[in-house]
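Before any comments, here is the structure.
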Amino acid sequence: MNRSEIIASPLAALGRYAIDLVREMGSIMIFFIKGFALIFSLPTILSKTAQQVYFIGSKSIFVICLTGAFTGMVLGLQGYYVLVKYGSTGSLGSAVALTLVREMGPVLTAIMVIARAGSAMSAEIGIMRISEQIDALETMSINPIQFLVSPRIAAALVSFPLLTALFDVIGIFGGYLTGSILLGLSSGIYFSRVESSVDMVDVNGGFIKSIVFAVVVITICCYQGYYTHLRSDGQGAKGVSLSTTSAVVHSCVLILVTDYVLTSFLL
Amino acid sequence: MDQPLIQFKDVHKHFGDKRVLDGINLSIYPGQITSIIGKSGVGKSVLLKHMIGLIRQDSGDILFNGKPLVALRKKEREALKKKFSYMFQGTALFDSMTVFENVSLPLKEKSSLQREEIGRRVQQKMEQLDLHAIDDEYPSQLSGGMKKRVALARALVTDPEIVLFDEPTTGLDPIRKSVVHGMIADYQKRFGFTGVIVSHEIPDIFYISQRIAMLEDGRILFEGTPEEIQHTEDPVIRQFITGLESQRDELTGLASQQAGDRKFREEMMRLRSHQIAFSMVLLTVQNFDQINETLGRKAGQTALKNFALQLQRHIRITDTCSRYGLNKILLVLSNTTREQARAFCAKLGREIKGETIMAFLPRPDVCFTVGVGIVEVQRGSTIESILAAAEADQEKMYEFRVCS
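For the protein sequence lines, the chains are A and B, in the order given.
First residue of the first sequence? That's 1 in our numbering, and the numbers climb one at a time after it.
First residue of the second sequence? That's 1 in our numbering, and the numbers climb one at a time after it.
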């Protein structure tokens with residue numbers, strides 16, 4: 001290997017990686033556009049969407065309440081001991097509510113839904129792919145993206161904002177539990193600060209985030225399952241397990257990246 | 001011959017470095033059953049998936065009614081796809097749906113039928129396939145054979161024009177295998193669909209196919225009728241067919257068609273060298289379709305099996321009794337003239353009792369009618385000419401009426 005090749009080979013590998021990355025991003029985007037466009041083929045997908053709202057939304061309520069309550073409680077606890085140093089414990093309501101509504105609510109809701117529904121979705125679609133069930137849909141002239149992906153996107157667009165709102169409300173009550181009931185802050189002060197500091201802009205910002213996260217999570221999870229047969233690192237059951245892992249890891253990382261980008265635009 | 005419905009022209013397909021299809025030229029004619037045979041892993045399923053567009057060829061053309069698939073507009077392609085139905089080798093049933101939901105899915109998603117009508121059609125297909133009281137079961141709760149039949153019901157529920165079967169009978173017991181083959185043949189006759197079957201079931205598949213194509217090394221090694229392939233001299237084809245074909249027919253326990261042909265050649269040599277006469281008798285269960293329709297296919301197959309058992313008890317050790325078609329049995333009677341053969345058949349008619357064949361049936365008022373064609377073989381005759389003469393000679397031999 002001559003000198004120019006030694007220099008070029010890592011560059012070539014980097015180039016290949018970059019091209020693959022861009023190609024995959026393009027393919028994910030096309031996958032989402034196809035899935036989103038077919039949402040409007042109502043009423044065919046209406047009942048399937050309702051089933052998915054039940055799976056993504058209703059069945060996540062318990063876990064969202066649980067995480068929301070403890071997140072609010074820990075924010076109340078930490079916030080109180082920080083604010084007490086500056087003698088401004090009265091701002092606890094603002095701190096808890098704004099943190100939840102702007103950041104923690106949408107991000108943690110998305111991550112919990114990834115863990116509960118996203119991984120299951122990826123595995124289910126992946127198994128359908130390897131057992132030729134998706135091919136069977138195609139042979140029946142049923143568009144697999146319309147059948148499998150569009151109802152999930154539609155259901156996520158409905159469920160994510162509602163789950164986020166629930167997370168925020170439960171979290172605010174969690175903060176009240178630790179701040180007021182355990183640590184003695186006046187409940188009137190807590191709730192008045194919540195009311196005065198949270199504007200509609202903050203609430204809308206949180207909802208915009210939750211809608212974008214819904215798109216990211218469902219697209220990544222469905223995409224990983226749908227194309228599990230094209231993986232170069234594993235076929236069959238192993239391919240499905242790798243796809244599920246990729247779905248969870250990629251969507252979690254993308255949620256945090258997107259959150260930063262969106263926050264920088266919204267502020 | 002008609003214009004081919006589907007035509008492959010020099011189709012190539014690679015998967016990585018592996019060459020699967022290497023210049024396929026094949027014609028599928030409308031209203032016929034074409035079977036694709038070949039060794040395992042030779043690319044038969046890949047070939048079938050090209051027909052429905054699940055896999056795209058690397059090069060070459062696939063024509064539908066003379067039009068290349070790639071030249072069709074999206075709407076035309078969609079309309080064409082609706083005429084197809086596909087039965088997967090691994091069944092590809094939706095494992096999170098019940099049997100009823102699986103079978104009704106194509107109608108529910110792609111037709112404007114009312115719920116009651118969908119339910120009626122699904123029930124009808126399931127009953128025809130002997131699938132009772134499993135509507136609410138999930139595929140994982142069914143046996144392999146049942147899954148195959150559910151997949152078959154799903155493939156046929158839309159009354160398609162072209163049906164592609166990927167090994168429809170693998171894993172079924174001999175009676176159910178014959179039931180499925182009989183049903184495919186019967187449906188094909190009744191609705192006139194074009195069928196393409198990938199199968200290893202030799203010789204059963206020859207009984208129901210009008211054309212056979214053999215795939216070897218990525219090319220079509222043979223394309224022709226079942227009779228042509230059975231009499232070909234090509235050593236590769238002969239080795240493949242004789243290797244797969246068992247000496248006995250699975251359902252009836254009779255000798256296979258190949259064994260019948262071999263016996264005919266032996267007797268012909270004896271006739272030439274020693275002038276020892278021999279006769280051939282073609283027995284046809286004439287009301288086989290009627291029995292299948294009124295009592296169910298399983299009952300029809302069981303009656304045929306019982307009849308074969310009785311026949312075997314009456315023939316001499318030097319005679320051969322082989323299955324020659326879905327409802328046909330051929331006797332090669334050595335050292336027998338036409339008159340002796342006639343006397344032998346009359347004796348069969350007296351001695352084979354209807355009760356033993358039909359007693360298990362729920363409706364005892366159905367007859368088991370057997371037609372007989374007798375031919376004394378002349379020197380130089382071919383088996384085809386003898387069979388044609390025997391078909392022409394068919395007369396009603398006997399009829400059983402079983403009454404309780």
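We put the beta carbon where it would ideally sit given N, CA and C, even for glycine.
Small disclaimer: the values here were computed from a predicted structure and weren't measured.
Handout entry: Buried versus exposed call for B:ASP249 [16 or more other C-beta atoms within 10 Å across all chains shown]
Key = As a first step, residue 249 of chain B must be located in the second sequence, where it is residue number 249. When all chains shown are included, B:ASP249 counts as buried.
Exercise for the section: State yes or no: is the beta carbon of B:PRO424 nearer than 8 Å to at least one beta carbon in chain A? Expected result: Only positions 1 to 404 of chain B appear in the structure, and residue 424 of chain B is not among them; the question remains open.
Problem - Spatial distance of A:ALA237 from A:ARG116 (CA atoms) - result: Taking the first residue of the first sequence as position 1, residue 237 of chain A is located at position 237. Taking the first residue of the first sequence as position 1, residue 116 of chain A is located at position 116. Their Cα atoms are separated by approximately 20 Å.
Problem - Under 8 Å from the C-beta of B:LEU54: neighbouring residues of chain A - result: Counting from 1 along the second sequence, the entry for residue 54 of chain B is found at position 54. Per Cβ cutoff of 8 Å: ASP135, GLU138 and THR139.
Handout entry: Exposed unless 16 or more other CB atoms sit within 10 angstroms - verdict on B:ALA408
Key = Any property of residue 408 of chain B remains undetermined from this structure, which presents chain B solely from 1 to 404.
Practice task
Following the continuous beta strand (DSSP E) through B:LEU63, name the residue where it begins and the one where it ends.
Solution key: Counted from its first residue, the second sequence places residue 63 of chain B at position 63. 59-64 is the span of the beta strand (DSSP E), which, as asked, contains B:LEU63.
Handout entry: Beta carbon proximity, A:ILE7 to chain B, threshold 8 Å
Key = Taking the first residue of the first sequence as 1, we reach residue 7 of chain A at position 7. Not one chain B Cβ lies under 8 Å of A:ILE7.
Handout entry: Proximal residues of chain B, C-beta to C-beta of A:SER131 below 8 Å
Key = Taking the first residue of the first sequence as 1, we reach residue 131 of chain A at position 131. For a Cβ distance threshold of 8 Å, residue set GLY90, ALA92 and ASP95 of chain B lies close to A:SER131, ordered along the chain.
Practice task
Could you tell me which residues DSSP pairs with B:SER279 in its beta bridges?
Solution key: Here residue 279 of chain B refers to the residue found at position 279 of the second sequence. Under DSSP, B:SER279 shares a beta bridge with B:LEU333 and B:GLU376.
Exercise for the section: Could you tell me the distance, in whole angstroms, from the CA atom of B:GLN7 to the CA atom of B:GLU201? Expected result: The residue you call residue 7 of chain B lines up with position 7 of the second sequence. The residue you call residue 201 of chain B lines up with position 201 of the second sequence. In a straight line, the C-alpha of B:GLN7 is about 24 Å away from that of B:GLU201.
Problem - Chain-ordered chain B contacts of A:ILE33 [CB-CB under 9 Å] - result: Your numbering for residue 33 of chain A matches position 33 in the first sequence. Correct list: empty, because the minimum Cβ distance to chain B is about 17 Å.
Practice task
Give, in chain order, every unbroken run of the alpha helix (DSSP H) that is at least 4 residues long and sits entirely within the stretch 13-52 of chain B.
Solution key: For the stretch 13-52 of chain B, whole alpha helix (DSSP H) runs of length 4 or above, ordered along the chain, are 44-52.
Handout entry: Buried versus exposed call for B:LYS74 [16 or more other C-beta atoms within 10 Å across all chains shown]
Key = Indexing the second sequence from 1 puts residue 74 of chain B at position 74. By the neighbour-count definition (other C-beta atoms within 10 Å, threshold 16), B:LYS74 is an exposed residue.
Exercise for the section: Using the Cα positions of B:ARG477 and B:ALA277, report the straight-line distance between them to the nearest angstrom. Expected result: Shown here, chain B extends from 1 to 404; a query on residue 477 of chain B therefore has no answer.
Practice task
Give the C-beta separation of A:MET121 and A:GLY225 to the nearest angstrom, bearing in mind that I take them to be a contact with Cβ-Cβ under 8 Å.
Solution key: For the purposes of this step, residue 121 of chain A is taken as the residue at position 121 of the first sequence. For the purposes of this step, residue 225 of chain A is taken as the residue at position 225 of the first sequence. The pair is a contact, with the Cβ atoms about 7 Å apart (cut-off 8 Å).
Problem - Reduced DSSP category for B:ALA213 - H, G, I as helix; E, B as strand; rest coil - result: Position 213 of the second sequence, counting from 1, holds the residue named residue 213 of chain B. Reduced to three states, the DSSP call for B:ALA213 is strand.
Practice task
Leaving aside the five residues before and after B:PHE288 along the sequence, list all residues of the same chain whose C-beta is less than 8 Å from its C-beta, in chain order.
Solution key: Translated into positions along the second sequence, residue 288 of chain B becomes position 288. The residues are GLY300, LEU304, LEU326 and ASN327.
Handout entry: B:THR242 - DSSP class collapsed to helix/strand/coil
Key = By 1-based counting over the second sequence, the position of residue 242 of chain B is 242. Residue state, collapsed to three classes: helix.
Problem - Sufficient close CB pairs (3 or more, under 8 Å) joining the stretch 28-42 of chain B to the stretch 194-209 of chain B - result: Contact between the stretch 28-42 of chain B and the stretch 194-209 of chain B is present: 3 or more CB-CB pairs across the two stretches fall below 8 Å.
Exercise for the section: Express the C-alpha separation of A:VAL158 and A:THR49 in angstroms, rounding to a whole number. Expected result: Here residue 49 of chain A refers to the residue found at position 49 of the first sequence. Here residue 158 of chain A refers to the residue found at position 158 of the first sequence. Straight-line Cα distance between these residues: approximately 10 Å.
Exercise for the section: Assign A:GLN78 to one of two classes, buried (16 or more other C-beta atoms within 10 Å of its C-beta) or exposed (fewer than that). Expected result: Walking along the first sequence from the start, residue 78 of chain A turns up at place 78. Exposed, because fewer than 16 other Cβ atoms sit within 10 Å of the Cβ of A:GLN78.
Exercise for the section: Please name the residues in the stretch 138-168 of chain A whose beta-carbon is closer than 8 Å to at least one beta-carbon of chain B, in chain order. Expected result: Listed in sequence order: GLU138, THR139, MET140, SER141, ILE142 and PHE147.
Problem - CB contact check: B:TYR86 to chain A, cutoff 8 Å - result: As a first step, residue 86 of chain B is located in the second sequence; it is residue number 86 there, counting from the start. It does: the Cβ of B:TYR86 has a partner Cβ on chain A nearer than 8 Å.
Handout entry: Span of the alpha helix (DSSP H), counted from its first residue to its last, around A:CYS252
Key = Counting from 1 along the first sequence, the entry for residue 252 of chain A is found at position 252. Element bounds for A:CYS252: 236-266.
Handout entry: Cβ-Cβ distance between B:ILE208 and B:LEU283 below 8 Å
Key = Against the second sequence, residue 208 of chain B aligns to sequence position 208. Against the second sequence, residue 283 of chain B aligns to sequence position 283. No, these two residues do not count as a Cβ contact at 8 Å.
Practice task
With a 10 Å radius around its C-beta and 16 neighbouring C-beta atoms as the bar for buried, classify A:VAL22 as buried or exposed.
Solution key: For the purposes of this step, residue 22 of chain A is identified with residue 22 of the first sequence, where counting begins at 1. A:VAL22 comes out exposed.
Practice task
Could you tell me whether the Cβ of B:LYS67 comes closer than 8 Å to any Cβ of chain A?
Solution key: Your numbering for residue 67 of chain B matches position 67 in the second sequence. Output row for B:LYS67: interface = no.
Problem - Under the three-state DSSP convention, the category B:GLU443 falls into - result: Missing from the structure shown is residue 443 of chain B; chain B here goes from 1 to 404 and no further.
Exercise for the section: Spell out whether any CB of chain A is found under 8 Å from the CB atom of B:LYS408. Expected result: Absent from the structure is residue 408 of chain B, since the part of chain B shown begins at 1 and ends at 404.
Handout entry: Proximity winner among B:GLY119, B:GLN310 and B:ASP186, relative to B:ARG297 (alpha-carbon distances)
Key = Within the second sequence, the letter at position 297 stands for residue 297 of chain B. Distances from the alpha-carbon of B:ARG297 to those of B:GLY119, B:GLN310 and B:ASP186 put B:ASP186 closest.
Problem - 4-residue-minimum alpha helix (DSSP H) runs that sit fully inside the stretch 136-198 of chain B, ordered along the chain - result: 144-156 and 174-191, all fully within the stretch 136-198 of chain B.
Handout entry: B:TYR324 classed as buried or exposed, judged by whether at least 16 other C-beta atoms fall within 10 angstroms
Key = Stepping through the second sequence from its first residue, residue 324 of chain B is reached at position 324. Flag for B:TYR324 reads buried.
Exercise for the section: Output the boundary residues of the alpha helix (DSSP H) element that contains A:TYR176. Expected result: For the purposes of this step, residue 176 of chain A is identified with residue 176 of the first sequence, where counting begins at 1. Annotation for A:TYR176: the continuous alpha helix (DSSP H) segment containing it runs 150-176.
Problem - DSSP state of A:MET112 mapped onto helix, strand, coil - result: For the purposes of this step, residue 112 of chain A is taken as residue 112 along the first sequence, with counting starting at 1. In the structure shown, the three-state DSSP call for A:MET112 is helix.
Problem - Beta carbon of B:ASN405 nearer than 8 Å to that of B:LEU5 - result: As shown, chain B starts at 1 and ends at 404. That puts residue 405 of chain B outside it, with no answer to give.
Handout entry: Close-in-space but distant-in-sequence residues of the same chain around A:SER150 (CB under 6 Å, 5 per side omitted)
Key = Counting from 1 along the first sequence, the entry for residue 150 of chain A is found at position 150. Once the five neighbours on either side are set aside, the close Cβ partners of A:SER150 are GLY35, LEU38, ILE39 and ILE45.
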